[in-house]
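> Here you go, one structure.
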Amino acid sequence: MSNNASFTPPSLLLSTIGLSLATFMQVLDTTIANVALPTISGNLGVSSEQGTWVITSFAVSNAIALPLTGWLSRRFGEVKLFLWATILFVLASFLCGISTSMPELIGFRVLQGLVAGPLYPMTQTLLIAVYPPAKRGMALALLAMVTVVAPIAGPILGGWITDSYSWPWIFFINVPIGIFAVMVVRQQLKERPVVTSRQPMDYVGLITLIIGVGALQVILDKGNDLDWFESNFIIIGAAISVVALAVFVIWEMTDAHPVVNLRLFAYRNFRIGTIVLVLGYAGFFGINLILPQWLQTQMGYTATWAGLAVAPIGILPVLMSPFVGKYAHKFDLRLLAGGAFLCIGLSCFMRAGFTNEVDFQHIALVQLFMGIGVALFFMPTLSILMSDLPPSQIADGAGLATFLRTLGGSFAASLTTWIWIRRADQHHAYLSESITTYEPATRDALHALGGASTPAYAQLDQVLTSQAYMLSTVDYFTLLGWAFMGLIVIVWLAKPPFAAKAGPAASGH
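Sequence positions in the sequence shown follow the numbering used here and run 919 to 1427.
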């Protein structure tokens, strides 16, 4: 990387807006297509199962591209990489919007995921580089706000666009946003000095990364649909992933010019910070996955109302992020991160007290409270994990941490849903065994439903299913609450000072 310590753009505000808009656009695209899948599948004449490849294709290619960010930034320069990634993302979005068949759309989503990979880590790297040391916390806090708000806004915005206009517009909206971001960032950062290095390409590392991560992402996305290891497809995919990733790790640890620098885990704060970032984000992702599912499938909420019930989680991060960024340096960052995990953990315990009679207001208030923890989570955690990295490794660290965070979200999506459904099945079986027609209460219930008829039994089974999923939801949030309490202990393993080391390291000199 270059020596850019003395460079300040003409306007920090415009630079921040341009960089953040590109990241907002990219993070938004990870969720905006979810609610439009039935419409897209119907319009393109494929099944709903085939339609899920619109999500899987983006996730796989994005996961592969993320860890390559460090190598690409050294090869082409940070600003140039950001600009070209944004331009190609806009082009890929336009091509997705004009697709006339599912194979076309999947192919363009692969391209979109690949070029989206560097956007978040490059935004993080450039914000750290152009902000003066005293204001870097503010930059990371604003980036954290984008990270929180975009995935929440995605399903709501996607549903509104699909209902009010047509599904291609969920991709077309990226075009003006991306063009504006490119124009602003180019104008603001065009004078930033650039030093590139032509390191040899680590082809073994690249190929094993593509195979290993690609196979892993596919089995995580398809595992629940195919009943995991009951499927030969999942078994073969898992074997390929394990072998490829094992070769990848061994090769990267010994190669002179690795495509992904795994040696960064030798730095204590990067190691601890990445662990709490990945696990904390996985928990956060799981909450935002299970809660809307439960509301829609068991509580009778529409997709819009489920989105509105979950949305208050983004209110306090928007309001608090500027203050967290401005005053965080006055506190031990471990204290702030620990407070974040405490608030999120307590919100999980609150949800563990929910019943099938819980109202919208109660759900929304718990989400609002959890927002305090979310506001305190990202900025301190990012600062901790970057605090002891050498100047030349900031882009590598940002790319690797973002890659692992994304992978953590993928694991959370698959494992959370599997645990939730499996636990509900167990509760349903237990509840069914405890109910017999010999019990007066059961006979009274059947009589109220119209007697011991098939419709009455169907209604009774529906009640049992609803209660089973309620109990499964309680179990899940109880487990998650204790997991967040455990993260409080882990984050205190990091060693201060944080800001003192992050300052020079992040400046790129």
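Yeah, the Cβ is synthetic: ideal placement off N, Cα and C, and Gly gets one too.
Please classify F1259 as buried or exposed, where buried requires at least 16 neighbouring CB atoms within 10 angstroms.
Sequence index remark: in the sequence shown, residue 1259 carries index 341 (1-based). By the neighbour-count rule (16 or more Cβ atoms within 10 Å), F1259 is buried.
> How far does the alpha helix (DSSP H) with E996 in it extend, from its first residue to its last?
Within the sequence shown, numbered from 1, the residue matching residue 996 stands at position 78. Unbroken alpha helix (DSSP H) run through E996: E996 to G1015.
> Going by Cα to Cα distance, which pick from A1057, V964, T941 and R1027 is closest to H1247?
Along the sequence shown, one-based indexing puts residue 1247 at 329. Nearest C-alpha to H1247: A1057.
> Starting from the C-beta of V1008, find all residues in its chain whose C-beta is less than 7 Å away, skip the five residues before and the five after it, and write them out in chain order.
Counting from one through the sequence shown, the residue named residue 1008 turns up at place 90. Taken in chain order, the residues that qualify are N1092, V1093, G1096 and I1097.
> Between which two residues does the alpha helix (DSSP H) harbouring N1206 extend?
As a position in the sequence shown, residue 1206 is number 288, starting the count at 1. Residues R1186 to T1215.
> If you measure between the beta carbons of L1195 and A1319, is that distance less than 8 Å?
Residue 1195 sits at position 277 when you count from the first residue of the sequence shown. Residue 1319 sits at position 401 when you count from the first residue of the sequence shown. In contact: L1195 and A1319 (Cβ atoms closer than 8 Å).
> Consult DSSP for I1312 and reduce its assignment to one of helix, strand or coil.
Looking up residue 1312 in the sequence shown gives position 394. Helix at I1312.
> Hey, would you say L1138 sits closer than 8 Å to V1178, going by beta carbons?
Reading the sequence shown from its first residue, position 220 is the one you call residue 1138. Reading the sequence shown from its first residue, position 260 is the one you call residue 1178. It is not a contact, given that the beta carbons lie outside the stated cut-off.
> Distance, Cα to Cα, A923 vs I958?
Translated into positions along the sequence shown, residue 923 becomes position 5. Translated into positions along the sequence shown, residue 958 becomes position 40. Confidence in A923 is poor, its pLDDT being 48 and thus under 50, which makes the residue's placement unreliable; the coordinate value appears in the next sentence. Straight-line Cα distance between these residues: approximately 47 Å.
> Quick one: Cα of L1300 to Cα of T1391, how far?
Looking up residue 1300 in the sequence shown gives position 382. Looking up residue 1391 in the sequence shown gives position 473. Cα to Cα, the separation comes out at about 30 Å.
> What span of residues does the alpha helix (DSSP H) with E1275 cover, start to end?
The count along the sequence shown starts at 1 and reaches residue 1275 at position 357. Counting along the chain, E1275 falls outside any alpha helix (DSSP H), and DSSP gives it neither H nor E.
> In chain order, what residues of the same chain lie with their CB nearer than 7 Å to the CB of I1406, ignoring the 5 residues before and after it?
To locate residue 1406, count along the sequence shown from 1; it is residue 488. Taken in chain order, the residues that qualify are G1256, F1259 and L1260.
> I'd like to know whether the C-beta atoms of V1066 and P1240 end up nearer to each other than 8 Å.
Position 148 of the sequence shown, counted from the start, is the residue given in the question as residue 1066. Position 322 of the sequence shown, counted from the start, is the residue given in the question as residue 1240. No. Outside cutoff.
> Could you tell me whether the segment 930-937 touches the segment 1101-1114, using the rule of 3 or more Cβ pairs below 8 Å?
With a cut-off of 8 Å, the segment 1101-1114 and the segment 930-937 count as touching, because enough Cβ pairs lie within range.
> List the whole-angstrom C-beta distance separating I950 from I1088, where the pair is believed to meet the contact cut-off of C-beta under 8 Å.
For the purposes of this step, residue 950 is taken as the residue at position 32 of the sequence shown. For the purposes of this step, residue 1088 is taken as the residue at position 170 of the sequence shown. Contact holds; Cβ gap of about 5 Å.
> So L1383 packs on A1270, CB below 8 Å; how close in whole Å?
Numbered from its first residue, the sequence shown carries residue 1383 at position 465. Numbered from its first residue, the sequence shown carries residue 1270 at position 352. What sits at residue 1383 in the sequence shown is Thr, not Leu. That belief does not hold up - the Cβ atoms of T1383 and A1270 are roughly 20 Å apart, past 8 Å.
> How about W989: is its C-beta nearer than 8 Å to some C-beta of chain D?
Although the question refers to chain D, the structure presented lacks it and comprises just one protein chain.
> Beta-carbon within less than 8 Å of M1171's beta-carbon, same chain only, minus the 5 sequence neighbours each way: which residues are those?
By one-based count along the sequence shown, residue 1171 stands at place 253. So the qualifying residues of the chain are L1180 and R1181.
> Note down the Cα distance separating N921 from V1112, rounded to an integer number of angstroms.
Here residue 921 refers to the residue found at position 3 of the sequence shown. Here residue 1112 refers to the residue found at position 194 of the sequence shown. Unreliable placement is indicated for N921, whose pLDDT of 44 sits below 50; no coordinate value is reported for it.
> With a threshold of 16 other CB atoms inside 10 Å of the CB of Q1380, please say whether the residue is buried or exposed.
Translated into positions along the sequence shown, residue 1380 becomes position 462. Looking at its Cβ environment, which holds fewer than 16 other Cβ atoms inside 10 Å, Q1380 is exposed.
> Which first and last residues belong to the alpha helix (DSSP H) in which D1446 is found?
The requested residue 1446 does not occur in the structure, where the chain is confined to residues 919 to 1427.
> Can you look up L1075 in the DSSP assignment and give me helix, strand or coil?
The sequence position of residue 1075 within the sequence shown is 157, counting from 1. In the structure shown, L1075 sits in a helix (DSSP, three-state: H, G or I).
> Per DSSP, what kind of secondary structure is S1301 in: helix, strand or coil?
Position 383 of the sequence shown holds residue 1301. Of the three classes helix, strand and coil, the one that applies to S1301 here is helix, per DSSP.
> Are the beta-carbon atoms belonging to A1037 and A1010 less than 8 Å from one another?
Your numbering for residue 1037 matches position 119 in the sequence shown. Your numbering for residue 1010 matches position 92 in the sequence shown. The question names Ala, but residue 1037 is Leu in the sequence shown. The answer is no: Cβ separation not under 8 Å.
> N1092 lies in the alpha helix (DSSP H); which residues open and close that run?
The residue given as residue 1092 occupies position 174 in the sequence shown. Its alpha helix (DSSP H) spans residues N1092 to L1107.
> If you reduce the DSSP assignment to three classes, tell me which class H1345 lands in.
The residue given as residue 1345 occupies position 427 in the sequence shown. In this structure, H1345 counts as helix in the three-state DSSP scheme.
> Distance, Cα to Cα, N1229 vs Q1285?
Here residue 1229 refers to the residue found at position 311 when the sequence shown is read from its first residue. Here residue 1285 refers to the residue found at position 367 when the sequence shown is read from its first residue. Looking at the sequence provided, one finds Ala at residue 1229 rather than Asn. Taking the straight line from one Cα to the other gives about 8 Å.
> Across the segment 981-999 and the segment 1116-1124, are there enough close Cβ pairs to call them in contact, namely three or more that are closer than 8 Å?
The segment 981-999 is in contact with the segment 1116-1124.
> Helix, strand or coil, according to DSSP, for V1048 in the structure here?
Here residue 1048 corresponds to residue number 130 of the sequence shown, with the count starting at 1. Correct three-state label for V1048: helix.
> Over what stretch of residues does the alpha helix (DSSP H) that includes P1118 continue unbroken?
Sequence index remark: in the sequence shown, residue 1118 carries index 200 (1-based). Element bounds for P1118: n/a, residue is neither H nor E.
> When you compare the CB positions of R1341 and Y1199, do they come within less than 8 Å of one another, or not?
Against the sequence shown, residue 1341 aligns to sequence position 423. Against the sequence shown, residue 1199 aligns to sequence position 281. Cβ distance not < 8 Å, so R1341 and Y1199 don't count as in contact.
> Expressed to the nearest angstrom, what Euclidean distance is found between the alpha-carbon atoms of M943 and A1068?
Translated into the one-based positions of the sequence shown, residue 943 becomes position 25. Translated into the one-based positions of the sequence shown, residue 1068 becomes position 150. Near 8 Å, if we compare the C-alpha coordinates of A1068 and M943.
> Terminal residues of the continuous alpha helix (DSSP H) containing G1263?
Numbered from its first residue, the sequence shown carries residue 1263 at position 345. Here the alpha helix (DSSP H) through G1263 covers L1251 to R1269.
> For the alpha helix (DSSP H) that P1430 lies in, which residues bound it at each end?
There is simply no residue 1430 to check, as the chain begins at 919 and stops at 1427 in what is shown.
> Quick check on P1415: buried or exposed, where buried means 16 or more other Cβ atoms within 10 Å of its Cβ?
Indexing the sequence shown from 1 puts residue 1415 at position 497. Exposed, by the Cβ-count rule.
> By how many angstroms is the C-alpha of S1350 removed from the C-alpha of T1192?
On the sequence shown, residue 1192 is found 274 positions in, with the first residue counted as 1. On the sequence shown, residue 1350 is found 432 positions in, with the first residue counted as 1. One C-alpha to the other measures close to 44 Å.
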